[in-house]
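Visitor: If you read the sequence shown in this note's numbering, its first letter stands for residue 2, the second for the next number, and so on. For each residue, glycine too, the CB sits at the ideal point set by N, CA and C.
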Amino acid sequence: MAVEAENANFSLSSLWYDKRNRAIVLQIITVSIFVWFVYQIVNNAVTNMENQGLNPGFGFMSQIAGFNPTSPEFNLTSFDVNSSTHGDVFVLGIVNTLLISFVGVILATIVGFVVGVLRLSNNLLIKLLATTYIEVMRNIPLLLHIFIWYFGVVLFLPQLMGALPEGGRGVTGINFLGLDMIFMSNRGINFPSPVLEAGWQVILIAFIAAIAGIVFLSKWAKKRQDETGQIFPVLWASLGLIIGLPILAYFIAGQPVSWDIPQATRFNLKGGASMPGHMMGLLMALVVYTGAFIAENVRSGIQSVSHGQTEAAFALGIRPNVTMRKIIIPQAMRVIIPPMTSQYLNLTKNSSLAVAIGYPDLVNIFTGVSLNQTGNAVEIIALTMLVYLTISLTISIFMNWYNKRVALVER
Numbered sequence: 002m003a004v005e006a007e008n009a010n011f012s013l014s015s016l017w018y019d020k021r022n023r024a025i026v027l028q029i030i031t032v033s034i035f036v037w038f039v040y041q042i043v044n045n046a047v048t049n050m051e052n053q054g055l056n057p058g059f060g061f062m063s064q065i066a067g068f069n070p071t072s073p074e075f076n077l078t079s080f081d082v083n084s085s086t087h088g089d090v091f092v093l094g095i096v097n098t099l100l101i102s103f104v105g106v107i108l109a110t111i112v113g114f115v116v117g118v119l120r121l122s123n124n125l126l127i128k129l130l131a132t133t134y135i136e137v138m139r140n141i142p143l144l145l146h147i148f149i150w151y152f153g154v155v156l157f158l159p160q161l162m163g164a165l166p167e168g169g170r171g172v173t174g175i176n177f178l179g180l181d182m183i184f185m186s187n188r189g190i191n192f193p194s195p196v197l198e199a200g201w202q203v204i205l206i207a208f209i210a211a212i213a214g215i216v217f218l219s220k221w222a223k224k225r226q227d228e229t230g231q232i233f234p235v236l237w238a239s240l241g242l243i244i245g246l247p248i249l250a251y252f253i254a255g256q257p258v259s260w261d262i263p264q265a266t267r268f269n270l271k272g273g274a275s276m277p278g279h280m281m282g283l284l285m286a287l288v289v290y291t292g293a294f295i296a297e298n299v300r301s302g303i304q305s306v307s308h309g310q311t312e313a314a315f316a317l318g319i320r321p322n323v324t325m326r327k328i329i330i331p332q333a334m335r336v337i338i339p340p341m342t343s344q345y346l347n348l349t350k351n352s353s354l355a356v357a358i359g360y361p362d363l364v365n366i367f368t369g370v371s372l373n374q375t376g377n378a379v380e381i382i383a384l385t386m387l388v389y390l391t392i393s394l395t396i397s398i399f400m401n402w403y404n405k406r407v408a409l410v411e412r
């Protein structure tokens, strides 16, 4: 019996001292503690809500909201104040958040790349201006950026009546081909919107085909250059495809797209589409602020490439702009992408500051107004966190995939 007990103790101790078995046991214990902690938090929240007479759950999503979270000119989901529910408010908030994030990421990337390259210019004035922009803009809090752009710029634009023809065509009314088509005022920007008619899908198919053609053309041009050394003008050919093919389809399909042009009435504009003033202010603040950080990422990425690459390119007679585009930037992308991913995530999450100027994003109308009306704080906060988590993970997954595509492959 003593020998059997000693063998059993030896077996247990050997299992514990095995690194793999010990790691499995510790992971099981950690997960169990986490599950127990989450259960206690949820159970405590549900109990407290029941004690206060609140019904936990998501039934409130089907209740009529009873408020109008957006203006009629900026209603991207056909929201109806008389019939739309808090679920519709949730969807509208997501759409507006995705819109400002998507447009902001694109514009901030353009601004960041341009300023980052200019920061390394040999022209002292251009370099000084780029450096000043970066150092000033990224050291001012984003909330102040939003206030400055909205209250100090957008609201100081001429009033709408100054932009209307009847009001005495002001400097903000842009006359295009003899017609007033674009109006800028302290209410925002009004511009023509497309009206889709029967057969417009042909144009969409042509646009998709043009993108596919550009991808194929780029691969073919790269293979041709590797084999023969001859450079094919991919940029101009791509522009011809992306512009020419949809225009050709437009006329072949019988011009199935018309334009709804804003028409000036006595006190307002009728028709067309608009970008409200609060969206203009928020977008400018996000782009200017985030673009400064991206510019620094671009500068550091370019400087990480050995200067010998530039000297070798010049020795081969390659022009400076081609050297930057074809040699330096592709190698710098492996350094630029990871920190730029963080800036994309920051821009998306920073868009929640829209509540400061009334832009109807998810935090403003759902976490704000809907929460105050229903009292379902736990559910609404949880849904809001889930949305931002999903968006952030999607951006991270895409950027990690792209980072692998542009990474240098060692042979």
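Buried or exposed, going by whether 16 or more other CB atoms sit within 10 Å of the CB of MET62?
Guide: Per the 10 Å Cβ criterion, buried.
Visitor: How many Å lie between ILE392 and VAL96 at the Cα?
Guide: Computed Cα separation, rounded: 12 angstroms.
Visitor: Looking only at DSSP bridge pairs, what is THR86 linked to?
Guide: Its beta-bridge partners are ILE65.
Visitor: What do you get for GLU198, buried or exposed, if any count of 16 or more other CB atoms within 10 angstroms of its CB means buried?
Guide: Result: exposed.
Visitor: For the beta strand (DSSP E) that ASN191 lies in, which residues bound it at each end?
Guide: Taken as a continuous stretch (DSSP letters only), the beta strand (DSSP E) holding ASN191 covers 189-192.
Visitor: Measuring only from the beta carbon, is ILE337 closer than 8 angstroms to any heavy atom that is part of the ligand NAP?
Guide: Annotation note on the ligand NAP: not contained in the displayed structure, which lists no ligands.
Visitor: Could you give the first and the last residue of the continuous alpha helix (DSSP H) run that contains ALA207?
Guide: 202-229 is the span of the alpha helix (DSSP H), which, as asked, contains ALA207.
Visitor: Quick one: measure Cβ to Cβ for PRO193 and MET182, integer angstroms, because I've assumed they're closer than 8 angstroms.
Guide: About 6 angstroms separates the two Cβ atoms, so the contact holds.
Visitor: To the nearest angstrom, how far is the alpha carbon of LEU143 from that of LEU287?
Guide: So the alpha carbons of these two residues sit roughly 7 angstroms apart.
Visitor: Going straight from the alpha carbon of PRO340 to that of ARG188, what length do you get?
Guide: Cα to Cα, PRO340 sits roughly 36 angstroms from ARG188.
Visitor: Which of helix, strand or coil does DSSP assign to ALA286?
Guide: In this structure, ALA286 counts as helix in the three-state DSSP scheme.
Visitor: According to the neighbour-count rule (16 or more other Cβ atoms, all chains shown, within 10 Å of its Cβ), is ARG300 buried or exposed?
Guide: So ARG300 counts as buried.
Visitor: DSSP puts ASP362 in a beta bridge; with which residues?
Guide: Paired residues: none, contrary to the question.
Visitor: Please say whether ILE329 and ILE295 have beta carbons closer to each other than 9 angstroms?
Guide: Contact flag unset, no.
Visitor: Check for me: the alpha helix (DSSP H) holding SER393 runs from which residue to which?
Guide: Segment 378-407, the alpha helix (DSSP H) holding SER393.
Visitor: Taking PRO277 as part of the beta strand (DSSP E), name the residues at either end of that continuous run.
Guide: It spans 274-277 - the beta strand (DSSP E) in which PRO277 sits, taken as one unbroken run.
Visitor: Measuring only the C-alpha atoms, how far is GLN264 from PRO159?
Guide: Going from the Cα of GLN264 to the Cα of PRO159 covers about 18 angstroms.
Visitor: To the nearest angstrom, how far is it from the Cα of VAL112 to the Cα of SER102?
Guide: Going from the Cα of VAL112 to the Cα of SER102 covers about 15 angstroms.
Visitor: By the DSSP assignment, the alpha helix (DSSP H) with GLY235 in it spans what residues?
Guide: Here residue 235 is Val; the residue named in the question, Gly, does not match the sequence. That run of the alpha helix (DSSP H) goes 235-240.
Visitor: Taking only three categories from DSSP, how would you classify PHE367?
Guide: Helix at PHE367.
Visitor: Mapping the DSSP letters down to three states, classify SER186 as helix, strand or coil.
Guide: SER186: strand per DSSP, three-state reduction.
Visitor: Does the Cβ of ILE338 have 16 or more other Cβ atoms within 10 Å, making it buried, or fewer, making it exposed?
Guide: That one is buried.
Visitor: Flag this pair as touching only if the segment 302-318 and the segment 349-357 have three or more C-beta atom pairs under 8 angstroms; answer yes or no.
Guide: Short answer: they don't touch.
Visitor: Assuming PHE68 contacts VAL370 under a Cβ cut-off of 8 angstroms, what Cβ separation, rounded to an integer in Å, is found between them?
Guide: PHE68 to VAL370, Cβ: 6 angstroms. Contact.
Visitor: By the 10 Å Cβ neighbour count, where 16 or more other Cβ atoms means buried, how is GLU167 classified, buried or exposed?
Guide: Low confidence applies here, because GLU167 scores a pLDDT of 49, under 50, leaving its location unreliable and the question unanswered by this model.
Visitor: Could you tell me the alpha carbon to alpha carbon distance between THR291 and LEU121, rounded to whole angstroms?
Guide: Using only the alpha carbons, I get a separation of about 19 angstroms.
Visitor: Kindly indicate which three-state DSSP category VAL196 falls into: helix, strand or coil?
Guide: Strand.
Visitor: Using DSSP with H/G/I as helix, E/B as strand and the rest coil, what is LEU178?
Guide: The predicted position of LEU178 is uncertain, since its pLDDT is 48 and thus under 50; no value can be drawn from it.
Visitor: Within 10 angstroms of the Cβ of VAL323, are there 16 or more other Cβ atoms? Answer buried if so, exposed if not.
Guide: With fewer than 16 other Cβ atoms within 10 Å, it is exposed.
Visitor: DSSP state of GLN264, grouped into three classes?
Guide: Here GLN264 sits in strand by DSSP.
Visitor: Rounded to whole angstroms, how far is the Cβ of VAL106 from the Cβ of LEU348, which I believe are closer than 8 angstroms?
Guide: Their Cβ separation, rounded to whole angstroms, is 6 angstroms, which keeps VAL106 and LEU348 in contact under 8 angstroms.
Visitor: Closest by CA to LEU346, which one among LEU93, MET400 and LEU129?
Guide: Selected option, being the one with the closest Cα: MET400.
Visitor: Do three or more CB pairs link the segment 124-140 to the segment 275-286 at distances below 8 angstroms?
Guide: Result no; under three Cβ-Cβ pairs closer than 8 angstroms.
Visitor: DSSP on LEU158, reduced to helix/strand/coil?
Guide: Residue state, collapsed to three classes: coil.
Visitor: Would you report the Cα separation of VAL36 and ALA210, rounded to the nearest angstrom?
Guide: Cα to Cα, VAL36 sits roughly 50 angstroms from ALA210.
Visitor: Once the 5 residues before and after THR368 are set aside, which same chain residues still bring their CB inside 7 angstroms of it?
Guide: Only ILE381, ILE382 and THR385 meet the Cβ criterion.
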